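> Chains A and B, in that order, give the protein sequences.
Heads up: the first sequence begins at 0 in my numbering, then just goes up one per residue.
Heads up: the second sequence begins at 0 in my numbering, then just goes up one per residue.
Number of protein chains: 2
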Amino acid sequence: MAKPKVNIKDVAAAANVHPSTVSRVLNPATRSMVSADVATRVQQVAAKLGYSRSSLASGLRTGRSYTVGVIIPDLSNPVFPPVVRGIERTLSAAGYIALLADSDNNPKSEQAIFDSLKARHIDGLILATAHTEDSVVAACLEDRMPLVLVNRTTDEMDVSEVVNNDELGIQLAVSHLIGLGHQRIAFLGGPENTSTGSGRLQAFQQQGRLGKFKLQADLMRSCTAFTEAAGLDGMRLILESSRPFTAVIAANDMLAMGCYDALAERGISCPQDISVTGFNDMPFSDRLSPPLTTLHIQHDELGVKAASTLLEEIRDPGMVPRTLTLDPQLVVRESTAKPSNQ
Amino acid sequence: MAKPKVNIKDVAAAANVHPSTVSRVLNPATRSMVSADVATRVQQVAAKLGYSRSSLASGLRTGRSYTVGVIIPDLSNPVFPPVVRGIERTLSAAGYIALLADSDNNPKSEQAIFDSLKARHIDGLILATAHTEDSVVAACLEDRMPLVLVNRTTDEMDVSEVVNNDELGIQLAVSHLIGLGHQRIAFLGGPENTSTGSGRLQAFQQQGRLGKFKLQADLMRSCTAFTEAAGLDGMRLILESSRPFTAVIAANDMLAMGCYDALAERGISCPQDISVTGFNDMPFSDRLSPPLTTLHIQHDELGVKAASTLLEEIRDPGMVPRTLTLDPQLVVRESTAKPSNQ
DNA sequence: TTGTAGGCGTTATCAC
DNA sequence: GTGATAACGCCTACAA
Chain A
0 MAKPKVNIKD VAAAANVHPS TVSRVLNPAT RSMVSADVAT RVQQVAAKLG
50 YSRSSLASGL RTGRSYTVGV IIPDLSNPVF PPVVRGIERT LSAAGYIALL
100 ADSDNNPKSE QAIFDSLKAR HIDGLILATA HTEDSVVAAC LEDRMPLVLV
150 NRTTDEMDVS EVVNNDELGI QLAVSHLIGL GHQRIAFLGG PENTSTGSGR
200 LQAFQQQGRL GKFKLQADLM RSCTAFTEAA GLDGMRLILE SSRPFTAVIA
250 ANDMLAMGCY DALAERGISC PQDISVTGFN DMPFSDRLSP PLTTLHIQHD
300 ELGVKAASTL LEEIRDPGMV PRTLTLDPQL VVRESTAKPS NQ
Chain B
0 MAKPKVNIKD VAAAANVHPS TVSRVLNPAT RSMVSADVAT RVQQVAAKLG
50 YSRSSLASGL RTGRSYTVGV IIPDLSNPVF PPVVRGIERT LSAAGYIALL
100 ADSDNNPKSE QAIFDSLKAR HIDGLILATA HTEDSVVAAC LEDRMPLVLV
150 NRTTDEMDVS EVVNNDELGI QLAVSHLIGL GHQRIAFLGG PENTSTGSGR
200 LQAFQQQGRL GKFKLQADLM RSCTAFTEAA GLDGMRLILE SSRPFTAVIA
250 ANDMLAMGCY DALAERGISC PQDISVTGFN DMPFSDRLSP PLTTLHIQHD
300 ELGVKAASTL LEEIRDPGMV PRTLTLDPQL VVRESTAKPS NQ
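1. Checking contacts by CB at 8 Å: is Arg-380 (chain B) closer than that to chain A?
2. Mind reading off the beta-carbon distance from Ala-228 (chain B) to Gly-257 (chain B)? Whole number of angstroms is fine, and I expect it under 8 Å.
3. With a threshold of 8 Å between beta carbons, is Pro-81 (chain A) in contact with chain B?
4. When you compare the CB positions of Leu-99 (chain A) and Leu-124 (chain A), do they come within less than 8 Å of one another, or not?
5. Excluding the 5 residues preceding and the 5 following Gln-297 (chain B) in the sequence, name in chain order all residues of the same chain whose CB lies nearer than 6 Å to its CB.
6. Expressed to the nearest angstrom, what Euclidean distance is found between the alpha-carbon atoms of Val-16 (chain A) and Asp-114 (chain B)?
7. Does the structure place the stretch 132 to 149 of chain A close enough to the stretch 281 to 296 of chain A that three or more beta carbon pairs sit under 8 Å?
8. Report the residue from B:Ala-11, B:Ser-53 and B:Ile-70 whose alpha carbon sits nearest the alpha carbon of Val-44 (chain B).
9. Count the C-beta pairs between the stretch 257 to 274 of chain A and the stretch 326 to 341 of chain A that are closer than 8 Å, then say yes if the count reaches three, no if not.
10. Based on the DSSP secondary-structure assignment, which residues constitute the bridge partners of Arg-220 (chain A)?
11. Buried or exposed for Ser-174 (chain B), going by 16 or more other Cβ atoms inside 10 Å?
12. Determine the direct distance from the alpha carbon of Val-158 (chain A) to that of Leu-301 (chain A), and round the result to whole angstroms.
13. Give the C-beta separation of Val-247 (chain A) and Ala-185 (chain A) to the nearest angstrom, bearing in mind that I take them to be a contact with Cβ-Cβ under 8 Å.
14. Just the C-alpha distance for Ser-108 (chain B) and Ser-53 (chain B), rounded to the nearest angstrom, thanks.
15. Whose Cβ in chain B lies nearer than 7 Å to the Cβ of Phe-400 (chain A)?
16. Could you spell out the range, first to last residue, of the beta strand (DSSP E) harbouring Gly-94 (chain B)?
17. Spatial neighbours of Ile-328 (chain A) within its chain, please: CB distance less than 6 Å, with the 5 preceding and 5 following residues excluded, ordered by chain position.
18. From what residue to what residue does the beta strand (DSSP E) around Ala-246 (chain A) run?
19. Between the stretch 80 to 93 of chain A and the stretch 33 to 40 of chain A, do at least 3 Cβ pairs fall closer than 8 Å?
20. Closest Cβ-Cβ distance between Arg-84 (chain A) and chain B: below 8 Å?
21. Please look up how many angstroms separate the CB atoms of Asp-101 (chain A) and Ile-71 (chain A), rounded, as I've assumed it's under 8 Å.
22. Below 8 Å, how does it come out for the stretch 274 to 284 of chain A and the stretch 46 to 65 of chain A: are there three or more Cβ pairs, yes or no?
23. Considering His-175 (chain A), what are the terminal residues of the alpha helix (DSSP H) in which it resides?
24. Within 10 angstroms of its Cβ, does Met-234 (chain B) collect 16 or more other Cβ (buried), or is it exposed?
25. Is it the case that the Cβ atoms of Val-303 (chain A) and Gly-85 (chain A) are separated by a distance below 8 Å?
26. May I have the straight-line CA-CA distance separating Gln-205 (chain A) from Glu-166 (chain A), to the nearest angstrom?
27. Taking the alpha-carbon positions, what's the Pro-320 (chain B) to Leu-310 (chain B) distance?
28. Measuring CB to CB, does Ser-221 (chain B) end up less than 8 Å from Gly-188 (chain B)?
29. From what residue to what residue does the alpha helix (DSSP H) around Thr-195 (chain B) run?
30. Can you pull the chain B neighbours of Gly-58 (chain A), defined as C-beta to C-beta under 7 Å?
31. Under a Cβ-count criterion, where at least 16 other Cβ atoms within 10 Å of its own Cβ denotes burial, should Ser-194 (chain A) be classed as buried or exposed?
32. From the DSSP output, in three-state form, read off Gln-271 (chain B) for me.
33. Please say whether Gln-182 (chain B) and Ala-202 (chain B) have beta carbons closer to each other than 8 Å?
34. Determine, for Leu-291 (chain A), whether the minimum Cβ-Cβ distance to residues of chain B falls below 8 Å.
35. For the candidate residues B:Asn-163, B:Arg-143, B:Asn-192 and B:Thr-245, whose alpha-carbon lies nearest to that of Asn-279 (chain B)?
36. Pick helix, strand or coil for Val-67 (chain B), following the three-state DSSP scheme.
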């Protein structure tokens, strides 16, 4: 743990006051209790000795660690870094710091991470890994741990969340494709035990039921993960069905990349033969070949709002959970075009 | 901080033993001191009550937090997530957890982050933000805080580090271009107050001095940051000099992207008119248009080795600092080609 | 306004 | 092998 640190007692001795006085001075909330001259003297001494409060000790005493857990399913999905940055910026402005962990899409490691975070007395948790049924969410509720879900939600009510309007997003994608003249549209979905997986699928089916296009079971696949590899697998299955289609809506950009790969394997060109849309507008989706038509979500805002909501919950444990829904925006790039007249 | 937690005393009461016995049982290192039957009883009770150790309290007492700080310059540079994952995996296997912070390339916030981490009694620090002269590095040395630099190093000796062989990398890039027939090669460098900025520049100059090609001051620019925007600016300056060249070596892939942008602005095509190489082989550099010829570095290994070196340093504070240099590998893609005969 | 004392949960060091 | 005790550094009633 590094070298002999200077503590509150050392400062007290050097300033000729009692440790508790030092504590009061160094604590903004109690500074007013002590006379101005003593306060300044103590502060100077503290600065000179290089004092820094042990948040371990103070956390132990006060039950506040000023530390917040953040669990992300996959840091290598570029959509998350900007969200995390929004979270960190907001937290640090409030004196909090994030314990960031990558669950690698593994519920078991998620649980282990949660235990480890809990042992560190986190004041709250931001979860980007929620499943429709989620044991970590349940554990938080049981523990009365302040919790905010971000990006994904869960079946559980009574949880604060900051999510995207998935229904609107899919609707925008469908309308865009229909507008271009597509009639046979495939859907490459995410895991159905995530809200983004099931919600976007349902929104797609809904659009079909509304008569915007014809639903075909062969053309809808839910992938096992939101990864390029899973997208490749899923897209292969759709292609193997041999049912004709001219466009694919992928439930996120990583899946869309996998979709690109599958098309390339078969020498099918995008968008000449098949149009593709994604979801998230993750960094670099504009640099793919072709640049991906996708739904832009407010990455930074997602993080900022998640963090600020959590801070509110921490300050007011009785706060009634709040859902914030951000609207995505369609970004048309070069992966979509009119269907060719085959 | 959530709900009434069960502590060691509760377990002791329920198991009819003294708290210190419980502590001994729950601590692998001291478990052998207590009889087998008592041990199992205690463990069962602890499990039933859902006990989990407070690492705050334990850290306060032992001076070990089992928490490690990780400071990254920019999480949105895709080269870092895989490194971070390597770090986290290695740390968590040893019971440690990472406090990850993004300094946003800002030395001031770097210092603030360091203070905040120190207050949380981190056991050590992994720094990916080192500058050639770095106050955080100096502070760690002064505090005897275990420290490992990753990716970038510093002028300071006596610090453990896991870095890439930048000299070899640049040499591979130069040889590749020379081999293709290029003779006038530009260099788009990083900030010279970073080892990756200055080191790669020096390696480039060295190759010139060896007579591999002719060095031209107009064709060498150090950018203000390792970002796309800075790369764009730097490349514009090189282009404005009007000195002819047929290839550019960018000091990393983000700069290479900025370089792509600058070329596109002027309608210069890559690789037909100008070849471009990068450094890092960050995720997605294979999906750029054109796919980037670059130097692959061992992302995961960088993280794994940094973490394991740090763990060693934590366990053996007297350990003599160790430098680990990983060799990069040239990955030839489509951004380099023979120079056209203009 | 400042000092006193006790305790947050754990563990190291005694003593038994 | 187990129990008692003190201490890690800080904060907060309460007393002065």
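In this text, a Cβ means the ideal position worked out from N, Cα and C, and glycines have one as well.
From a predicted model like this one, the values you see are computed outputs, not experimental measurements.
On the basis of the coordinates in this document:
1. Given a span of 0 to 341 for chain B in the structure shown, any question on residue 380 (chain B) remains unanswerable.
2. 6 Å
3. yes
4. no
5. Leu-325
6. 25 Å
7. no
8. B:Ala-11
9. yes
10. A:Leu-187
11. exposed
12. 16 Å
13. 4 Å
14. 30 Å
15. The structure shown does not extend to residue 400 (chain A), since chain A is modelled only from 0 through 341, so no value can be given for it.
16. No beta strand (DSSP E) holds Gly-94 (chain B); DSSP gives it neither H nor E.
17. Per the sequence shown, residue 328 (chain A) should be read as Gln rather than Ile. For Gln-328 (chain A), where only same-chain residues beyond five positions count, the Cβ hits under 6 Å are His-295.
18. 246 to 249
19. no
20. yes
21. 5 Å
22. no
23. 165 to 179
24. buried
25. yes
26. 9 Å
27. 12 Å
28. yes
29. 194 to 208
30. Leu-55
31. buried
32. coil
33. no
34. no
35. B:Asn-163
36. strand
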